[in-house]
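Chemist: One structure, as structure tokens, below. Some questions next.
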Amino acid sequence: MSTAVTSAAKVPEPIATFTATFIIRRFDPEVDEEPRWQDFDVEMRATDRILDALHKIKWEQDGSLTFRRSCAHGVCGSDAMRINGKNRLACKTLIKDLDISKPIYVEAIKGLPLEKDLIVDMEPFFDSFRSVNPFLMVAGPTKDGKERVQSPVERARFDDTTKCILCAACTSSCPVFWTDGQYFGPAAIVNAHRFIFDSRDEGAKVRLDILNDKEGVWRCRTTFNCTDACPRGIQVTQAIAEVKMAILRGKP
Amino acid sequence: MTSTNTEAESASTMIDGVHYHQFDIVIVGAGGAGMRAAIEAGPHARTAVISKLYPTRSHTGAAQGGMAAALANVEEDNWEWHTYDTVKGGDYLVDQDAAEILAKEAIDAVIDLENMGLPFNRTPDGKIDQRRFGGHTREHGSAAVRRACFAADRTGHMILQTLFQNCVRLGINFFNEFYVLDLVMTKVDGVDQPSAVVAYELATGELHVFRSKAIIFATGGYGKIYKTTSNAHTLTGDGVGIIWRKGLPLEDMEFFQFHPTGLAGLGILLSEAARGEGAILRNASGERFMERYTPTLKDLAPRDIVSRSMATEIREGRGAGPDKDYLYLDITHLEPAVIDEKLPDITEFARTYLGVEPYTEPVPVLPTAHYAMGGIPTTNNAEVLRNNTETVKGLYAAGECACVSVHGSNRLGTNSLLDINVFGKRAGKNAVEYVKTAPFVPLPENPTAGVQAILDMVRSGDGTERVGAIRKELQDSMDRNAQIFRTDESLSEVTKLIERLRARYKNIALQDKGKRFNTDLLEAIELGFLLDLAEVLVYSARNRKESRGGHMREDYPERDDKNFLKHTMAYLTGDPESAEAGDHIRLDFKPVVITNYPPMERKY
Numbered sequence: 392m393s394t395a396v397t398s399a400a401k402v403p404e405p406i407a408t409f410t411a412t413f414i415i416r417r418f419d420p421e422v423d424e425e426p427r428w429q430d431f432d433v434e435m436r437a438t439d440r441i442l443d444a445l446h447k448i449k450w451e452q453d454g455s456l457t458f459r460r461s462c463a464h465g466v467c468g469s470d471a472m473r474i475n476g477k478n479r480l481a482c483k484t485l486i487k488d489l490d491i492s493k494p495i496y497v498e499a500i501k502g503l504p505l506e507k508d509l510i511v512d513m514e515p516f517f518d519s520f521r522s523v524n525p526f527l528m529v530a531g532p533t534k535d536g537k538e539r540v541q542s543p544v545e546r547a548r549f550d551d552t553t554k555c556i557l558c559a560a561c562t563s564s565c566p567v568f569w570t571d572g573q574y575f576g577p578a579a580i581v582n583a584h585r586f587i588f589d590s591r592d593e594g595a596k597v598r599l600d601i602l603n604d605k606e607g608v609w610r611c612r613t614t615f616n617c618t619d620a621c622p623r624g625i626q627v628t629q630a631i632a633e634v635k636m637a638i639l640r641g642k643p
Numbered sequence: 006m007t008s009t010n011t012e013a014e015s016a017s018t019m020i021d022g023v024h025y026h027q028f029d030i031v032i033v034g035a036g037g038a039g040m041r042a043a044i045e046a047g048p049h050a051r052t053a054v055i056s057k058l059y060p061t062r063s064h065t066g067a068a069q070g071g072m073a074a075a076l077a078n079v080e081e082d083n084w085e086w087h088t089y090d091t092v093k094g095g096d097y098l099v100d101q102d103a104a105e106i107l108a109k110e111a112i113d114a115v116i117d118l119e120n121m122g123l124p125f126n127r128t129p130d131g132k133i134d135q136r137r138f139g140g141h142t143r144e145h146g147s148a149a150v151r152r153a154c155f156a157a158d159r160t161g162h163m164i165l166q167t168l169f170q171n172c173v174r175l176g177i178n179f180f181n182e183f184y185v186l187d188l189v190m191t192k193v194d195g196v197d198q199p200s201a202v203v204a205y206e207l208a209t210g211e212l213h214v215f216r217s218k219a220i221i222f223a224t225g226g227y228g229k230i231y232k233t234t235s236n237a238h239t240l241t242g243d244g245v246g247i248i249w250r251k252g253l254p255l256e257d258m259e260f261f262q263f264h265p266t267g268l269a270g271l272g273i274l275l276s277e278a279a280r281g282e283g284a285i286l287r288n289a290s291g292e293r294f295m296e297r298y299t300p301t302l303k304d305l306a307p308r309d310i311v312s313r314s315m316a317t318e319i320r321e322g323r324g325a326g327p328d329k330d331y332l333y334l335d336i337t338h339l340e341p342a343v344i345d346e347k348l349p350d351i352t353e354f355a356r357t358y359l360g361v362e363p364y365t366e367p368v369p370v371l372p373t374a375h376y377a378m379g380g381i382p383t384t385n386n387a388e389v390l391r392n393n394t395e396t397v398k399g400l401y402a403a404g405e406c407a408c409v410s411v412h413g414s415n416r417l418g419t420n421s422l423l424d425i426n427v428f429g430k431r432a433g434k435n436a437v438e439y440v441k442t443a444p445f446v447p448l449p450e451n452p453t454a455g456v457q458a459i460l461d462m463v464r465s466g467d468g469t470e471r472v473g474a475i476r477k478e479l480q481d482s483m484d485r486n487a488q489i490f491r492t493d494e495s496l497s498e499v500t501k502l503i504e505r506l507r508a509r510y511k512n513i514a515l516q517d518k519g520k521r522f523n524t525d526l527l528e529a530i531e532l533g534f535l536l537d538l539a540e541v542l543v544y545s546a547r548n549r550k551e552s553r554g555g556h557m558r559e560d561y562p563e564r565d566d567k568n569f570l571k572h573t574m575a576y577l578t579g580d581p582e583s584a585e586a587g588d589h590i591r592l593d594f595k596p597v598v599i600t601n602y603p604p605m606e607r608k609y
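The listed protein sequences correspond, in order, to chains X and D. According to this note's numbering, the first sequence is numbered sequentially starting from 392. According to this note's numbering, the second sequence is numbered sequentially starting from 6.
If you want it as structure tokens, here you go:
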């Protein structure tokens with residue numbers, strides 16, 4: 392009867408299941424005065440993601456557990472959270488890469504207002520993003536109705552910072568951002584970098600002025616938390632340093 | 006969670022606990038099609054974009070390989086070849102006038118994006134670089150052509166970011182994490198006309214009525230009816246489901262694309278760009294099996310054919326692995342530098358999720374549910390059809406949720422990033438023209454009644470059924486019975502299951518009873534749409550007793566142009582609560598538009 396390709400394909404490694412304990416920081420704004428920790432035991436496989444664990448809890452144990460997610464493979468940026476104290480995407484963190492002899496701690500990212508369980512208010516984050524003019528600034532479209540010419544070398548110059556998915560893992564790992572909510576934060580600077588170093592862009596001066604502000608790049612203390620947190624492997628601290636240099640030079 | 010300007014905010018009022026807003030154009034969905042429409046509409050009309058996510062979370066961002074346009078930057082090409090490939094790729098169920106628009110306007114669509122800032126990969130002389138992709142050929146099939154414009158293997162990511170950046174530049178009003186649950190229709194002169202949409206604000210649980218002269222649906226697909234899928238968890242077909250529940254038709258729902266190369270066991274997509282750059286599919290013995298099926302295009306045949314060939318390899322015992330149940334995508338012969346430059350993301354997926362090093366090892370792959378060819382029928386101007394000939398004034402649809410039909414029974418790779426740009430733009434432009442003279446349609450007495458009924462149903466449930474369990478049974482059965490190969494028997498089996506699941510759905514219980522960020526509630530409502538759409542898909546598939554493109558009936562293995570060279574048009578009718586699909590689904594048919602290309606046997 393069944394005629395389809397089997398969907399229960401096995402990954403190359405043998406599959407064993409085991410119980411992992413998750414300790415999750417819960418907060419229901421309609422009930423709780425303060426966040427509280429709750430633990431869950433979940434049957435897992437080594438190749439499962441933290442997101443799989445959260446889904447198993449939500450779908451099989453406690454439907455009220457609340458978190459954002461969408462693509463589930465690290466490109467949409469919905470599910471940044473603190474996993475064992477480090478900012479990670481839940482869908483890109485595999486159980487096998489964690490020490491499961493101990494409980495796994497999961498909590499919301501820091502520095503943004505907590506809304507519920509693992510969800511924070513993202514508006515301050517996107518406000519920072521919007522404030523650096525994160526779009527190509529040019530006089531107008533090309534006159535011949537064709538593409539602007541850009542050499543492969545010019546294109547490669549800003550390739551790293553085009554990878555940003557606006558997940559906020561970097562910004563919410565930054566100790567400066569935790570204590571100073573006015574600081575633009577790494578993600579906004581990364582997105583400014585993406586245009587400052589784009590050979591087609593004509594707005595570098597405007598952005599460099601914005602980031603030369605007292606809440607701009609100079610607040611960065613090069614702790615490298617952002618670089619460590621970035622799920623896309625962007626050299627965030629380096630990008631910030633390049634923007635600092637550009638400000639000093641007065642041009643990209 | 007809104008980012009609206011003051012003018013828009015001032016237009017909002019609250020009556021009986023419900024927020025009321027008024028715009029000229031409301032766009033539902035903030036993926037590629039929705040934001041492309043917004044860029045067209047925003048400067049000319051008071052426009053709002055409503056999304057159940059933040060715009061940059063939309064699944065356009067997961068598209069990898071490229072966007073087709075016959076720029077001829079690297080070799081001879083023209084839009085007529087592109088039109089032909091699209092028609093043939095869709096196994097002649099494509100409306101050929103629409104395909105011509107798609108291919109012609111592709112060139113400007115790519116230039117538009119570049120001018121907006123999209124960082125395409127470049128040729129040595131600084132032009133937009135192009136790569137090969139499945140089914141795209143020169144001279145009507147003689148050889149693969151380099152037509153796909155790309156930004157590494159994150160072209161969709163760059164399109165989504167670029168469109169969002171330009172929406173920021175234009176100050177477009179976004180209502181983020183607002184979940185649209187209903188399209189409000191008002192009877193005017195005996196005809197139902199759209200007057201508003203109703204959204205549930207996830208942060209607060211409050212309802213918002215968005216009155217608007219024109220409404221554009223750009224809500225994406227519904228791959229979550231399947232278990233193994235490249236689609237995001239949020240792709241539950243809400244927009245398509247809303248249109249369905251209004252009694253408006255859905256077109257060609259039986260055609261769903263299974264992308265050949267999902268990571269085995271996970272469904273995460275590995276772009277066809279890999280094969281465009283030279284990757285080879287191999288079976289357990291290392292044989293390049295596609296040479297046997299499509300000798301000219303080999304691994305770059307269209308997706309329906311490659312997926313079917315892979316399924317055949319596995320059924321005939323040539324699959325790899327301990328259970329012989331997957332195949333290999335081999336890129337070990339490519340230079341690591343080329344892989345890093347052109348395929349960085351997908352190689353990282355293989356490392357992260359399967360622990361396989363693509364430089365040196367072939368990657369286990371299997372077909373994965375990927376794209377709905379069918380959806381909300383529209384004209385070439387993105388106007389939603391009420392039936393075969395009439396449109397619903399003021400209602401538009403674009404992107405995966407729509408069916409123009411430019412994809413027919415099987416979409417070519419890179420034609421969907423193109424579709425969202427060409428028809429998203431057309432939807433925005435035409436809506437702007439429409440609202441210049443159109444009046445607001447009056448609201449009915451209680452515009453939130455429909456949504457209130459849905460909320461009451463899911464909230465009041467004190468039953469015993471869990472949303473996750475019902476959804477899993479649906480997805481497992483769809484994978485088993487309505488995937489690449491289908492028979493009347495398999496489709497009957499899933500039909501019976503859906504009937505039972507629909508009954509059980511009425512008995513669900515939520516655990517989260519709160520108002521703030523109630524994703525438990527959200528998933529319950531989404532499941533209702535999944536059940537509806539799976540039922541229409543299967544019902545349409547049972548009726549199509551032929552094999553064409555992505556719809557393979559083993560009991561009817563040949564294409565049957567005499568009886569089935571026509572679009573399926575499904576309508577919800579009678580008692581929507583009736584158990585048997587046949588008691589509430591009516592099928593009609595619409596002719597295929599054929600201009601220059603009479604149907605021929607499809608060989609590659």
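Built from N, CA and C at the ideal position, the CB exists for glycine as well. Owing to the predicted nature of the structure, the values given are computational and were not obtained by experimental measurement.
1. Given a limit of 8 Å on CB to CB distance, which residues of the stretch 201-217 of chain D reach chain X?
2. Which residues mark the beginning and the end of the alpha helix (DSSP H) in which K447 (chain X) is found?
3. Using only the alpha-carbon positions, how far apart do K501 (chain X) and K477 (chain X) sit?
4. Taking the C-alpha atoms as reference points, what is the distance between A499 (chain X) and G39 (chain D)?
5. Going by C-alpha distance, which of D:D335, D:I247, D:A114 is nearest L536 (chain D)?
6. Drop a sphere of 10 angstroms on the beta-carbon of I486 (chain X), count the other beta-carbons inside from all chains shown, and report buried for 16 or more, exposed for fewer.
7. Let me check one thing: in DSSP terms, what residues is E425 (chain X) bridge-paired to?
8. So, using beta-carbon positions, are A278 (chain D) and L334 (chain D) closer together than 8 Å?
9. Would E182 (chain D) and A208 (chain D) qualify as a contact pair, given that the criterion is a beta-carbon distance under 8 Å?
10. State the beta-bridge partners of T142 (chain D) as determined by DSSP.
11. Are S414 (chain D) and D96 (chain D) closer than 8 Å when you measure CB to CB?
12. Quick one: Cα of N393 (chain D) to Cα of H572 (chain D), how far?
13. Could you tell me the boundaries of the beta strand (DSSP E) in which I220 (chain D) lies?
14. Under 8 Å between C-beta atoms, does E506 (chain X) make it to chain D?
15. Below 7 Å on C-beta distance, what does F522 (chain D) contact in chain X?
16. Taking the alpha carbon of A42 (chain D) as the reference point, which residue from D:N426, D:G455, D:P341 has its own alpha carbon closest?
17. Can you say whether G225 (chain D) is buried or exposed, counting buried as having 16 or more other CB atoms within 10 angstroms of its CB?
18. Say whether the stretch 67-77 of chain D touches the stretch 105-118 of chain D, bearing in mind that this needs 3 or more beta-carbon pairs closer than 8 Å, one atom from each stretch.
19. Checking contacts by CB at 8 Å: is V79 (chain D) closer than that to chain X?
20. For A463 (chain X), I'd like the list of residues in its chain whose CB is within less than 7 Å of its CB, leaving aside the five on either flank, ordered along the chain.
21. Helix, strand or coil: which one does DSSP assign to E12 (chain D)?
22. Buried or exposed: D439 (chain X), going by 16 or more other Cβ atoms within 10 Å of its Cβ?
23. In this structure, how does DSSP classify I414 (chain X) when only helix, strand and coil are distinguished?
24. Check each residue of the stretch 32-64 of chain D: if its Cβ is closer than 8 Å to any Cβ of chain X, include it; give the result in chain order.
25. Check whether the Cβ atoms of H375 (chain D) and H264 (chain D) sit closer than 8 Å, and answer yes or no.
26. Are the beta-carbon atoms of G399 (chain D) and A204 (chain D) separated by less than 8 Å?
27. List the residues that DSSP assigns as beta-bridge partners of V185 (chain D).
28. If F155 (chain D) and G70 (chain D) are in contact, beta carbons under 8 Å, what's the gap, nearest whole angstrom?
29. Terminal residues of the continuous beta strand (DSSP E) containing S276 (chain D)?
30. Can you find a C-beta in chain D that's less than 8 Å from the C-beta of V396 (chain X)?
31. Use the C-beta contact count for V446 (chain D): other C-beta atoms within 10 angstroms, 16 or more gives buried, fewer gives exposed.
32. In the DSSP output, which residue or residues are listed as bridge partners for C611 (chain X)?
33. Counting only C-beta atoms, is T408 (chain X) closer than 8 Å to chain D at any point?
34. What residue from D:L339, D:Y510, D:V245 has the CA that sits closest to L577 (chain D)'s CA?
35. Please report the straight-line C-alpha distance between A399 (chain X) and L332 (chain D), rounded to a whole angstrom.
36. Starting from E388 (chain D), trace the beta strand (DSSP E) both ways and give me its first and last residue.
Modeler: In short, the structure shows the following:
1. Only those residues of the stretch 201-217 of chain D whose C-beta falls short of 8 Å from the nearest C-beta of chain X are listed: A208.
2. That run of the alpha helix (DSSP H) goes 441-447.
3. Answer to the nearest angstrom: the Cα atoms are 10 Å apart.
4. Straight through space, the alpha carbons of G39 (chain D) and A499 (chain X) are spaced by roughly 30 Å.
5. Proximity to L536 (chain D) across D:D335, D:I247, D:A114 peaks at D:I247, based on C-alpha coordinates.
6. By the beta-carbon neighbour count (other beta carbons within 10 angstroms, threshold 16), I486 (chain X) is buried.
7. Answer is none; E425 (chain X) lacks a bridge partner.
8. Not closer than 8 Å, so no.
9. Contact: yes.
10. Bridge partners of T142 (chain D): D:A149.
11. Annotated as proximal: S414 (chain D) and D96 (chain D), with beta-carbon spacing under 8 Å.
12. Linking N393 (chain D) to H572 (chain D) through their CA atoms gives a straight-line distance of about 10 Å.
13. I220 (chain D) -> beta strand (DSSP E) spans 212-222.
14. Answer yes: the Cβ-Cβ gap between E506 (chain X) and chain D drops below 8 Å somewhere.
15. Under the 7 Å cutoff, chain X gives T457, E506, K507, I510.
16. Considering only alpha carbons, the answer is D:N426.
17. Buried, because 16 or more other Cβ atoms sit within 10 Å of the Cβ of G225 (chain D).
18. These segments touch.
19. Not flagged as an interface residue toward chain X: V79 (chain D), since no C-beta distance is shorter than 8 Å.
20. For A463 (chain X), where only same-chain residues beyond five positions count, the Cβ hits under 7 Å are L442, C482.
21. In this predicted model, E12 (chain D) has a pLDDT of only 47, less than 50, meaning its place in the structure is not dependable; the value taken from the coordinates is given anyway. Three-state result, E12 (chain D): helix.
22. Classified as buried, D439 (chain X) has 16 or more neighbouring CB atoms from the shown chains inside 10 Å of its CB.
23. Residue state, collapsed to three classes: strand.
24. Going along the stretch 32-64 of chain D in chain order, one finds L58, Y59, T61, R62, S63, H64 with a Cβ nearer than 8 Å to chain X.
25. Contact flag set, yes.
26. Going by C-beta atoms, G399 (chain D) is not nearer than 8 Å to A204 (chain D).
27. Note: V185 (chain D) sits in a beta bridge opposite D:A204.
28. A Cβ-Cβ distance of about 6 Å is found for the pair F155 (chain D) and G70 (chain D), placing them in contact under the 8 Å criterion.
29. Looking at the DSSP string, S276 (chain D) is not in any beta strand (DSSP E), and its letter there is neither H nor E.
30. In this predicted model, V396 (chain X) has a pLDDT of only 45, less than 50, meaning its place in the structure is not dependable enough to derive any value.
31. Burial call: buried.
32. Beta-bridge pairing links C611 (chain X) to no other residue.
33. Judged by the 8 Å Cβ criterion, T408 (chain X) is not in contact with chain D.
34. Comparing Cα-Cα distances from L577 (chain D) to each of D:L339, D:Y510, D:V245, the minimum goes to D:V245.
35. Model confidence at A399 (chain X) stands at a pLDDT of 45, short of 50, so the residue's coordinates are unreliable and nothing is read from them.
36. Run containing E388 (chain D): 388-390, per the beta strand (DSSP E) assignment.
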